[in-house]
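Engineer: Top to bottom, those sequences are chains H and U.
The first sequence begins at 1444 in our numbering and counts up by one.
The second sequence begins at 11 in our numbering and counts up by one.
For each residue, glycine too, the CB sits at the ideal point set by N, CA and C.
This one's a predicted model, so the numbers in the text were calculated from it and none came from an experiment.
This is the structure, below, for whatever I ask next.
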Amino acid sequence: MTRVPRGYIARRRRTKMRSFASNFRGAHLRLNRMIIQQVRRAFVSSHRDRGRQKRDFRRLWITRINAATRVYNVFDSYSKLIHNLYKKELILNRKMLAQVAVSNPNNLYTISNKIKTID
Amino acid sequence: MQKALAGLRRINLDGLRWRVFDAKGQVLGRLASQIAVVLQGKDKPTYAPHVENGDMCIVLNAKDISVTGRKMTDKIYYWHTGYIGHLKERRLKDQMEKDPTEVIRKAVLLMLPRNRLRDDRDRKLRIFSGNEHPFHDRLVEPFAMPPRQVREMRPRARRALIRAQKKEQATRTKEEGVKTEECHIRDLWIETL
């Protein structure tokens, strides 16, 4: 039988994967079999963590808002601030609140004056 | 004292406050949770979980820490040395005699998240048994603990307390020979007879 090399199909598939692994460490960016595994894991992590990213940032904003309300004596705690915000139907989300708290604390007082209930 | 100044070079100290906690009469766990919050930097609006930005915490009067219930005699610290059968234990009372600062340090360390920043946070925590600390040249500010919400006494315990108080009062008046009100009223009544 004549010699039949397998062609470029597999090689093309593997070089496509290689581009994703260009910043991996050691053998993980050089050896094809390892590249396939590691790139697969990387894609899985990326997909899962895109969902987690939303959760993580919300946690961070909440922690920061909590600290800011206590430091600037706006309210006793994050829970009271959010409760009053909802009661007054102010649609500020936590991302904006956290940004305000960090960069411009005076505006935090403005917001709190709007929502402080009399009782 | 030398140990208290150890490792200060490793901490990036600019912008950090030095907070002083007085442990005299404070409940162990409640104080430890406040310290842990301050140590992590969670009371600052610029908190970030990957950056170590907590304040330096100095704890004084560690030997005057208090615990509720029978924990002084009944709380046991267990640890295993790794050799089979070698589960060691030590009671809180003995630990306080041996080294009272370890009690607070253990409580606080176990309240911090177990990650790579934990060692740096441990370095920021300085505990002293007595009232003196060697950091007088720095700007230290005392930390105001939130007021303690003491639970109302349970009825049975309150009745027992009242009984004990009454008994103590009775023995005291008997010793002093002072007339109690009932004795006085009784004497008045006897006179009318």
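Let me know the alpha helix (DSSP H) ranges lying completely inside the region 54-116 of chain U, each 4 residues or longer, listed in chain order.
Structural biologist: Within the region 54-116 of chain U, the complete alpha helix (DSSP H) runs of at least 4 residues are 81-84, 102-108.
Engineer: Regarding U:M163 and the ligand NAP, is the C-beta to nearest heavy atom distance less than 7 Å?
Structural biologist: Judged by which ligands are present, the structure shown has none, so any question about the ligand NAP falls away.
Engineer: Report the neighbours of U:K54 on chain H: residues whose CB is nearer than 8 Å to its CB, in chain order.
Structural biologist: A1510, V1514, listed in chain order.
Engineer: When we look at the beta-carbon of H:Y1451 and count the other beta-carbons within 10 Å, is it buried (16 or more) or exposed?
Structural biologist: So H:Y1451 ends up on the exposed side.
Engineer: Can you tell me where the alpha helix (DSSP H) with H:V1482 in it begins and where it stops?
Structural biologist: Run containing H:V1482: 1475-1514, per the alpha helix (DSSP H) assignment.
Engineer: According to the neighbour-count rule (16 or more other Cβ atoms, all chains shown, within 10 Å of its Cβ), is U:L171 buried or exposed?
Structural biologist: When all chains shown are included, U:L171 counts as exposed.
Engineer: From H:G1469 to H:M1477, what does the alpha carbon distance come to, in whole angstroms?
Structural biologist: Taking the straight line joining both Cα atoms gives about 10 Å.
Engineer: Can you tell me the Cβ-Cβ gap for U:G35 and U:R131, rounded? I've got them flagged as a contact below 8 Å.
Structural biologist: Going by Cβ atoms, the distance from U:G35 to U:R131 rounds to 25 Å, so no, they are not a contact pair.
Engineer: Between H:Q1481 and H:S1462, what straight-line distance do the alpha-carbon atoms span, to the nearest angstrom?
Structural biologist: Distance between the alpha carbons of H:Q1481 and H:S1462 is about 12 Å.
Engineer: With DSSP as the reference, label U:F145 as helix, strand or coil.
Structural biologist: U:F145 falls in the coil class under three-state DSSP.
Engineer: Could you name the residues of chain U that H:V1545 contacts, counting a contact when the two beta carbons are closer than 9 Å?
Structural biologist: Here the neighbours are P55, T56.
Engineer: So which residues on chain U does H:T1506 lean against when the C-beta distance must stay under 7 Å?
Structural biologist: Under the 7 Å cutoff, chain U gives K52, Y57.
Engineer: Just mark U:Q44 as buried or exposed, buried being the case when its beta carbon has 16 or more other beta carbons within 10 Å.
Structural biologist: It counts as buried.
Engineer: With C-beta atoms as the reference, is U:L33 less than 8 Å away from U:V69?
Structural biologist: It should be pointed out that residue 33 of chain U corresponds to Ala in this sequence rather than to Leu. Yes, Cβ-Cβ distance for U:A33 and U:V69 is below 8 Å.
Engineer: Secondary structure at U:P165, three-state DSSP: helix, strand or coil?
Structural biologist: Here U:P165 sits in helix by DSSP.
Engineer: For the beta strand (DSSP E) that U:L135 lies in, which residues bound it at each end?
Structural biologist: That run of the beta strand (DSSP E) goes 135-137.
Engineer: For a contact defined as C-beta to C-beta under 8 Å, what are the partners of H:L1503 on chain U?
Structural biologist: Correct list: Y57, A58, P59.
Engineer: Tell me U:E151's beta-bridge partners as DSSP assigns them.
Structural biologist: BP columns for U:E151 point to U:R29.
Engineer: On the DSSP letters alone, give me the boundaries of the alpha helix (DSSP H) that H:M1444 sits inside.
Structural biologist: That residue, H:M1444, is in no alpha helix (DSSP H); it is neither H nor E in DSSP.
Engineer: Would you grab the beta carbon distance between U:K81 and U:L49 for me? Rounded to a whole angstrom, and I think it's under 8 Å.
Structural biologist: That pair is no contact at about 23 Å.
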